[in-house]
Amino acid sequence: MTLAHPAYGQVRAVTPIVSVVLENNPGMMTLDGTNTWILRAPGRDECVVVDPGDQDEEHLARIAALGPVAMTLITHRHVDHTGGVQRFFELTGAAVRSVDPEFLRGGGEPLVDGEIIDVAGLTISVVATPGHTRDSVSFTVEGEGTVLTGDTILGRGTTVLDDSDGDLGDYLSSLRRLLDLGPGHRVMPGHGPELPDLHTVARQYLDHREERLAQVQAAIADLGEEATAREVVEHVYSDVDPQLWPAAEKSVNVQLAYLRAPN
């Protein structure tokens, strides 16, 4: 029987190169849980792991057992993607590469936008996609038309922008950059199921952000220039479950910063 998302703790093949193991850490910010991606070229023993996940011994050991792991790549700094980095390095000895130097291990160097990584028979391109966080990157896998988007694009719903270092201007630019990759790319997100067409979902994300930004501008016009993020959330997200308002407030904080920044 072919596995489908969500399938906790099982290796689920998505393409001839890409497989996923879903960590059993569901929540408001993680949806069904965090996707750990395993990239393996046909006929090769070694693999590349993208986002080992949180500090979950069972999950980390399961991923390590799929090795040997040639390299670990990180899409962004959030703990549900990186909490297990040190333990995973201990289990595998594989170099860890990320934008944020905090997560580098085993001689791994910081990821650079536009860099081509040749490892374990794979060719992986680094695409800087900041906005969700400052350090967010995506990865394309040559020959497959697959893009691992981290939390820049999710398998369902929309991305929350982190109000500690997220930036709406950067995020809109990142979505346009992914859109410019053109049709024929599949999305392998940090959370949720894979999606068949990056071009379509990136366009939907852009349209949604522009719609929300217009709603926030309208709310400020009604509430006054000094309106707080919480007041805007209550005004704009009145049809959304209030349990989701704290997450919405993060994105609204980022939107307000964008609107209030000097031209």
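Following the working numbering, the numbering of the sequence shown begins with 913 at its first residue and continues without gaps.
Where a beta carbon is used, it is the ideal one built from N, C-alpha and C, also for glycine.
All values derive from a computational prediction rather than experimental measurement.
Tyr920 is classed as exposed because its beta carbon has fewer than 16 other beta carbons within 10 Å across all chains shown. Assigned with DSSP and collapsed to three states, Ala925 falls in strand. By a beta-carbon distance limit of 8 Å, Val932 does not contact Arg974. Their separation comes to about 12 Å.
A check of alpha carbon separations from Gly995 across Thr946, His917, His1147 and Asp1025 identifies Thr946 as the nearest. Under the three-state reduction of DSSP, Pro1101 is assigned to strand.
In the DSSP assignment, Ile1029 falls within the beta strand (DSSP E) that extends over Ile1028 to Val1031. Beta-bridge pairing by DSSP links Val933 to Thr948. When rounded, the separation of the alpha-carbon atoms in Arg1115 and Leu1091 is 7 Å. Taking all protein chains shown into account, Glu1106 has 16 or more neighbouring C-beta atoms within 10 Å of its C-beta and is therefore buried. Residue state for Ile1036 is assigned as strand, using DSSP reduced to three classes. When the beta-carbon positions are compared, Val1164 and Val1128 come within less than 8 Å of each other. The stretch 1005-1020 makes contact with the stretch 975-989: 3 or more CB pairs, one atom from each, lie closer than 8 Å. According to the DSSP secondary-structure assignment, Leu1107 is paired through a beta bridge with Val1099. In the three-state reduction of the DSSP assignment, Thr994 falls in the helix class, which pools H, G and I. Judged by DSSP secondary structure, Gly1043 falls outside any beta strand (DSSP E); it is assigned neither H nor E. The Cβ neighbour count for Gly939, taken over all protein chains shown within 10 Å, is under 16; the residue is labelled exposed. Counting only unbroken stretches of 3 or more residues, the beta strand (DSSP E) elements lying wholly within the stretch 1053-1088 are 1058-1062, in sequence order. Within the model, the alpha-carbon separation for Ile1132 versus Ala1139 is close to 6 Å. By the Cβ neighbour-count rule, Gln1155 is exposed, with fewer than 16 other Cβ atoms within 10 Å of its own.
Exposed is the label assigned to Pro954, since fewer than 16 other Cβ atoms lie within 10 Å of its Cβ.
Going by C-alpha positions, Asp1030 is about 16 Å away from Gly1057.
Sequence-distant partners of His971 (beyond 5 residues in either direction) whose C-beta falls short of 6 Å from its own C-beta, in its chain, are Glu935 and Gly965. Boundaries cannot be given for Ala953, as no beta strand (DSSP E) includes it and DSSP labels it neither H nor E. Leu1084 and Ala1032 have their C-alpha atoms spaced approximately 33 Å apart. Judged by beta-carbon spacing, Val1049 lies within the 8 Å limit of Val1038, meaning their Cβ atoms are closer than that value. Secondary structure note for Ala977: it is in no alpha helix (DSSP H), with a DSSP letter that is neither H nor E. The shortest CA-to-CA distance from Leu1034 to any of Phe1051, Asp1047, Asp1025 and Pro1042 is the one to Phe1051.
CA-to-CA, the gap between Lys1162 and Arg956 works out to about 43 Å.
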